[in-house]
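Written out below as C-alpha cells is the structure these notes cover.
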Amino acid sequence: MPTSSPNPYLPFGENKHADWYGKDIISVKQFNRKDLEYIFGVAHEMRGMVERVGTFDLLKGKILANLFYEPSTRTSSSFTAAMERLGGSVIPINEVKYSSVTKGESLSDTIRTLECYADVIVLRHPETGSAAIAAKAAKKPIINAGDGIGEHPTQALLDTFTIMEELGRSSTGTRSGLENLTVTMLGDLKYGRTVHSLARLLSLFDNIKLNYVSPDILKMPKEVMDEVGAGNISQAEYSSLEKVLPETDVLYVTRVQKERFEDPADYEKVKGAYVIEPGMMKTAKQNMIVMHPLPRVTEISMDFDDDPRAAYFRQMEYGLYVRMALLAMVLGKA
Amino acid sequence: MPTSSPNPYLPFGENKHADWYGKDIISVKQFNRKDLEYIFGVAHEMRGMVERVGTFDLLKGKILANLFYEPSTRTSSSFTAAMERLGGSVIPINEVKYSSVTKGESLSDTIRTLECYADVIVLRHPETGSAAIAAKAAKKPIINAGDGIGEHPTQALLDTFTIMEELGRSSTGTRSGLENLTVTMLGDLKYGRTVHSLARLLSLFDNIKLNYVSPDILKMPKEVMDEVGAGNISQAEYSSLEKVLPETDVLYVTRVQKERFEDPADYEKVKGAYVIEPGMMKTAKQNMIVMHPLPRVTEISMDFDDDPRAAYFRQMEYGLYVRMALLAMVLGKA
Amino acid sequence: MPTSSPNPYLPFGENKHADWYGKDIISVKQFNRKDLEYIFGVAHEMRGMVERVGTFDLLKGKILANLFYEPSTRTSSSFTAAMERLGGSVIPINEVKYSSVTKGESLSDTIRTLECYADVIVLRHPETGSAAIAAKAAKKPIINAGDGIGEHPTQALLDTFTIMEELGRSSTGTRSGLENLTVTMLGDLKYGRTVHSLARLLSLFDNIKLNYVSPDILKMPKEVMDEVGAGNISQAEYSSLEKVLPETDVLYVTRVQKERFEDPADYEKVKGAYVIEPGMMKTAKQNMIVMHPLPRVTEISMDFDDDPRAAYFRQMEYGLYVRMALLAMVLGKA
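Chains as they are written, first to last, in the working numbering: chain A, 994 to 1327; chain B, 994 to 1327; chain C, 994 to 1327.
Laid out in C-alpha cells, this is it:
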C-alpha cells in the first residue's frame, strides 16, 4: 500500500456536511459523486490516523450492535475492528438464528429492542430488503452489511476506495477523483453482487472504461449495463482476458463456480481462462492492481500473492477505513 | 418515555447501603421493599446518566463474564450494553454447550474457572436452581439471567421499574413508590414465569389491585396467589378483559400458546380474546400502559406499536438501567 | 495462592530484551531457560498489577483477534480477559467453521485478512501444524492456543509458572528458579499433550525429579522421555501412586479415559488408583500442590477442592498472567 500522505482530496472543509448524522447506509444507489468524495475523504483521514496512532477515541462511549443473522467472519470482524479503533464498544450478536427469531419475533421487533441498547446497528441478513425493513423500524442508524442477493454497499464502497487510494488521479493532476482508468471485471459477472455495485459506483466518475470478461453464460446483466451506461463511461464485453489485460489499470477478479454450468464439460473448457497466475501477468502494466472481494479459492494463484500488484489484502484494509468513516459519519462525528 | 427528571425518590442518601457489594442476584424472593426502592433509585440515576452522557466510566477496568448456556439475544445484549455503558468490558461466552460442559465439566468448575478472569458473572442456564449452585461455588458475584422455569429476577425488576418510572406515585403525591394502581395480567398466567415474579414484587407495595385474565386452563397458580395475598394487595380472576380494561393502569400481556391446549378447537375459541388491537383499546385510560416481556408474536398487533401507551420497547430500555444498577451495586460502585 | 510479593526473580532489568516484539508463540520447543525466566518475570509483574489495580492500560488501543476454529471456553475466555485487563480490545471469532473456511478459503488467507484489522492473532485450530502455517502467512504475531494434538504452549507455560509461583526455589535460597523438586505425573501419560509439554519445559531446570505414574497401556512415550532425559533431570516410571506420593512436591493429575482400554474390565480394575480423594492425600506433604489442566471429571474428588493443596483453580488464574505477559511481550510492551 502506498504511504499515506496528507489528505490530497480537494478542500474537504467545504464539502463537510452534517447531513450524515443519523442516516442509514442501505444501498449504493443512495450515493452521488459528492457523497462518495466525502466518504472517501473521511476514510482517507481514518487511514492516516490508524497509521499514526492505531486507535483513537472519536467514538468513545458509543456502542455498535453487530447483528449477523448469517456468519461472515470477514465483514463482522471488519466492523468490530472499525468500532474498536474508534474507541467504541461492540455488542456481538451471532446466534440470532437460534434465538428470538426462531421464536417468531419479527426483524422489526429485534431492531427496536437493540436500539434501546446500542447507538448504531450493523445488519447482515440473508433476505433481500431486510436492511430497508430494519431502517424503517429503527430510530438509530442502520448500516447494511449485506442482505442476501440484495446489496452490500460497504463492499462496493471499499472497492471503489481501494481504486482511489491506489490509482486515484484527475485530469488536473491532483488526486481528487477517479478518471481515465480502465477497469476490467473478470469471471462471473452475472451473479456477482459486488461487480454490479462496483460498476454502478464507477459510473459516477468520468472517463472510466469498463471491460467485462466472462463466459458466455455469465455475462454482465443488461439492466446493469443500461444503468451504468447512463454515466460518462464506456463499456465493452469480451470472452478472453488476453486482449484487454495490457491496457487494464484495475483487474477485478471473481470466482467462476462449477455449479453455474449445466454441462460440467463446459466448465472444464473455460475455467483455465479465468485463473490469474504470475506468468500471464507479464503482459499487464507494472502499476496496475488486481482486486478480489475474497474469499478466494483457486481463481488467483497464491504464487501471485507477493506481487506488488496483488491488492486484495490491502483491499481488506481499505475496508476497515471505509467502515470507520461510515460509523463516524452516521454517529455525527465526521 | 417521559422525560427524565432529577431523582424524585425520597432521600436516597439515607437509604444508601454498602450491603450489595459482592452479593449475588438470584431470586426475586431475596428483595424487600427497601431493596427495591434502592435498586430503582440507582436505576433511575443510571437512566439520567445515559440520557446525559450515554456512557461513563463507573466500572472502568471491571470485567463481566456473560455466560449463556442457552441463547437469549435480548438478555445477553442488554447485559453487554449495561456493562459497556458503565465503561467495563465483557467476555462473551455463548457456545458453552459445545464446550467444556459437553466434556462433563460441572457448572461449579466452569464458574470457579471464570471467576479467575472476571469480576462478575451473569449466568443464563436451562436448569432450575443452577444460579444458586453457581453462587455457592463462586467467590465473585453471580447475577441470574434466567435459570429454566426457575427465576429471571432482572426481568421482574425491570418490569416493576417500568411501572414505577411510567406511573410511579404515592399517597402523598410524591413519586416515591407504587401505590393505588390496578395491574391486569393477561394471557398464560399458569406457565408464565414473568407474571409470577412480577406479582410477587408488586405485593411488596401498597394498595395494588391485581386482575388476572386468562383462559380457564391457564389460570394463575394457587400457590402464587397465596404468597402474593400475604401482602397489602387485592387479587381477582377474570376470563375476559373487557370488564377490567377501563380501570386498568398497567396491562401486562403474555402469549397464549396453542400447544397448551389439548383440543385445538379450544384454542381457536379463546385466542381472539387475548390479542391487543387499537380498536379494543378505546375503552382503556389514556395514561395507562401496555407491557410485554417480548418476544411478541401476534398477541399485540403491530398496529398498536405507535400508540403512546405501548410501553414494551421502553420496557427494554428500562431493563438496561436496572442491569446497570445491579452491576454497579454488586461491584461496590453504587 | 500465596500473597504476591515484589518480584523475586533475580535482576530482570538485565534480562530484559526487546527480542519478543513481533514474535510468534508457536511451540514450547522455541524457549530456552532464559526465555522462561523472562516470561515468568513479566507474568509475575502482571500478577502484581492485577492484584493491585485489576486492569491497566498497557495495551490500550491494541486489538486482539481471538480466532477459535473449535470451541474452548476456558482458553478463549482467558485470552479475552488477558487482553481486556491490559486495556486492549478483542475481536471474538467463534463461528469460523460455518464461515469462510467452509467456502474453501485457506487458513493463510483468513490470517492475512484478520491481520488487516488486528494487532495480534490468537489461533485455536483442530489441525496439527496450523499455527506454524498461520505464522508463516502473517506479518503480525500469532499465538498458538492449541493446534490439535500438536502444541498448546501457553498451557505448558502456565503449568510451569504455577509451579514456580507456588514452589519456586533455588539452591541459594532465592526464588529465582525451579530446582530440587519432585514432580509426579499421574494418569494418561501417553495421549496427554499437556504432560509431554510440561515435562519438556521442566527439563530446562536443574535437579527436577519426574515420576510417571500410569496404567501400563498409557505410559509416557519413549521419545518424550528421551528428549526430556537430555536435561539435568531424573525420570522413573511407576504403576502406583502410593509409593511416590510422600516425596511429591507437585502432583499433576490427568484423566484416564475408559475409551483408551480395549477391555472395559481392564479399565474397571485400574480406575480407582487414579482418583484423588482427601483420604489418600494424608500421606502427602503439607506444602505440596495438586494440579490439573481442567476440565476435571471424576479424577479429582470435589471433596478435595477446599484443601489448600488443591491448586487447579489457582492454575487457571496463573494462566491469565502468563497470557497477559505474552500479549504484552509480542506487542512490544514488556
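Think of the CB as a built atom: it goes at the ideal place given N, C-alpha and C, for glycine as much as any other residue. No experiment lies behind these values; they were computed from the predicted model shown.
Next on the checklist: Just to check my reading of the structure: Arg1105(B) and Phe1072(C) have Cβ atoms closer than 8 angstroms, yes? What is that Cβ distance to the nearest angstrom?
Outcome noted: Actually they are not in contact, since the Cβ atoms of Arg1105(B) and Phe1072(C) sit about 19 angstroms apart, beyond 8 angstroms.
Checklist entry - Which of helix, strand or coil does DSSP assign to Ala1303(C)? => result strand
Item to check | CB contact flag (Val1315(A), Tyr1014(A), <8 angstroms) | outcome: no
Checklist entry - Using 8 angstroms as the limit for Cβ to Cβ distance, is Tyr1091(A) near chain B? => result Unreliable positioning characterises Tyr1091(A) in this predicted model, as indicated by a pLDDT of 45, which lies under 50. The coordinate reading is nonetheless provided below. It does; some Cβ of chain B falls within 8 angstroms.
Checklist entry - Closest Cβ-Cβ distance between Ser1071(A) and chain C: below 8 angstroms? => result yes
Checklist entry - Based on Cα-Cα distance, which residue from Ser1232(A), Ser1190(A), Val1243(A), Glu1230(A) lies nearest to Glu1220(A)? => result Ser1190(A)
Item to check | His1145(B) in three-state terms, based on DSSP | outcome: coil
Checklist entry - For Val1083(A), which residues of its own chain have a beta-carbon under 6 angstroms away from its beta-carbon, when the five flanking residues on both sides are left out? => result Leu1057, Asn1059, Thr1073, Met1076
Item to check | Delimiting residues of the beta strand (DSSP E) encompassing Arg1117(B) | outcome: 1113–1118
Checklist entry - Between the C-alpha atoms of Glu1240(B) and Ala1277(B), what's the straight-line distance to the nearest angstrom? => result 7 angstroms
Next on the checklist: Spatial neighbours of Leu946(A) within its chain, please: C-beta separation below 8 angstroms, excluding the five flanking residues on both sides.
Outcome noted: No statement about residue 946(A) is possible, as the shown extent of chain A runs from 994 to 1327 and does not include it.
Next on the checklist: By alpha-carbon positions, which one of Asp1181(B), Glu1252(B), Leu1238(B), Lys1262(B) ends up nearest to Asn1280(B)?
Outcome noted: Leu1238(B)
Checklist entry - Where does Phe1254(C) fall in DSSP's three states? => result coil
Checklist entry - When the cut-off is 8 angstroms and only beta carbons count, does Arg1045(A) lie next to chain C? => result no
Checklist entry - Using CA coordinates, which residue listed in Cys1109(C), Thr1103(C), Phe1254(C), Lys1202(C) is at the minimum distance from Glu1230(C)? => result Lys1202(C)
Item to check | Contact set between Arg1078(A) and chain B, taken where Cβ atoms lie within less than 7 angstroms | outcome: Ordered by position in chain B, no residue passes the 7 angstroms Cβ test against Arg1078(A), which lies about 16 angstroms from the chain.
Next on the checklist: So the candidates are Ser1294(C), Met1039(C), Asp1112(C), Glu1120(C); which of them puts its Cα closest to the Cα of Gly1265(C)?
Outcome noted: Ser1294(C)
Checklist entry - Do Ala1138(C) and Arg1117(C) have their CB atoms nearer than 8 angstroms? => result yes
Item to check | Met1179(B): first and last residue of the uninterrupted beta strand (DSSP E) it sits in | outcome: The sequence given here has Leu at residue 1179(B), not Met. 1172–1179 is the extent of the beta strand (DSSP E) around Leu1179(B).
Item to check | The beta strand (DSSP E) enclosing Val1083(C), as first and last residue numbers | outcome: 1082–1086
Checklist entry - With distances taken from CA atoms, which of Gly1034(A), Val1283(A), Pro1064(A), Met1273(A) is nearest Thr987(A)? => result Since the first and last residues shown for chain A are 994 and 1327, residue 987(A) lies out of range.
Item to check | Secondary structure of Gly1034(C), DSSP reduced to three states | outcome: helix
Item to check | Classification of Ala1321(B) by the beta-carbon crowding that lies within 10 angstroms, buried from 16 upward | outcome: buried
Item to check | Interface partners of Met1309(A) on chain C, CB under 7 angstroms | outcome: Thr1106, Cys1109
Checklist entry - For Gly1143(B) versus Thr1247(B), is the C-beta spacing smaller than 8 angstroms? => result no
Checklist entry - Taking all protein chains shown into account, do 16 or more other C-beta atoms lie within 10 angstroms of the C-beta of Ala1111(C), making it buried, or fewer, making it exposed? => result buried
Checklist entry - chain B partners of Phe1306(C), CB-CB under 9 angstroms? => result Asp1102, Arg1105, Thr1106, Glu1108, Cys1109
Checklist entry - When the Cα of Ile1019(C) is compared with those of Pro1286(C), His1145(C), His1037(C), Arg1067(C), which residue comes out closest? => result His1145(C)
Checklist entry - Does the distance from the C-beta atom of Met1317(C) to that of Leu1079(C) stay below 8 angstroms? => result yes
Checklist entry - Where does Gln1228(C) fall in DSSP's three states? => result strand
Next on the checklist: Looking at Ala1327(A): is its Cβ nearer than 8 angstroms to the Cβ of Val1113(A)?
Outcome noted: no
Next on the checklist: Let me see if you follow: with CB-CB separation under 8 angstroms, is Pro1064(C) close to chain A or not?
Outcome noted: no
Checklist entry - When the cut-off is 8 angstroms and only beta carbons count, does Pro1085(C) lie next to chain A? => result yes
Item to check | Boundaries of the alpha helix (DSSP H) in which Phe1072(B) is found, first to last residue | outcome: 1066–1078
Checklist entry - Since Leu1057(C) sits in a beta bridge, which residues does DSSP pair it with? => result Val1083(C), Val1113(C)
Checklist entry - Sorted by chain position, which residues of the same chain lie with C-beta nearer than 7 angstroms to Asp1050(B)'s C-beta, five sequence neighbours on each side aside? => result Gly1080
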